[in-house]
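Novice: Numbering (the working numbering), first residue to last: 44 to 140. Built from N, CA and C at the ideal position, the CB exists for glycine as well.
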Amino acid sequence: MRFEWDVEKEKVNLKKHGLSFTEAAFVFTDAKTIYLPDPDHSIGEERLVALGKIRDLTIAVVIFVDKSKNDEEIIRIISARKATKSEEQQYYSSEID
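1) Taking the straight line between their C-alpha atoms, what separation do you get for alanine 74 and glutamate 47?
2) From the DSSP output, in three-state form, read off aspartate 109 for me.
3) Leaving out five residues before and five after isoleucine 97 in sequence, what residues of the same chain have Cβ atoms less than 7 Å from its Cβ?
4) Taking DSSP as the reference, what is the three-state secondary structure of glutamate 115?
5) Can you tell which of Ile120, Arg124, Val108 has its C-alpha closest to the C-alpha of isoleucine 86?
Okay, structure coming up:
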């Protein structure tokens, strides 16, 4: 899996949300990550939302576009932030051990 993003957008995101895209990419290594469509922001491209862990106790929301082609999986990160309490509850309520 390969990740890409706009470097300037990452700087803005880090300042606004305190989360780098490098760190946000760890959401995609969480086997329990929830993937949801984002139709309200999918103008011109299909955007998706990933809700998952990036550290032992941190749940993050990552907006991304799946740019995969052929056999290469490519994720373009648009934005990332720490999950709200209700989003954390959604994540934990969907866990199946």
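Specialist: Let me spell this out:
1) Your numbering for residue 74 matches position 31 in the sequence shown. Your numbering for residue 47 matches position 4 in the sequence shown. Alanine 74 and glutamate 47 have their C-alpha atoms some 21 Å from each other.
2) Counting from one through the sequence shown, the residue named residue 109 turns up at place 66. Three-state result, aspartate 109: strand.
3) Position 54 of the sequence shown holds residue 97. Cβ neighbours of isoleucine 97 beyond the five flanking positions: Glu66, Ala67, Phe69, Val70, Ala103.
4) Taking the first residue of the sequence shown as 1, we reach residue 115 at position 72. DSSP, reduced to helix, strand and coil, places glutamate 115 within a strand of the structure shown.
5) The residue you call residue 86 lines up with position 43 of the sequence shown. Comparing Cα-Cα distances from isoleucine 86 to each of Ile120, Arg124, Val108, the minimum goes to Val108.
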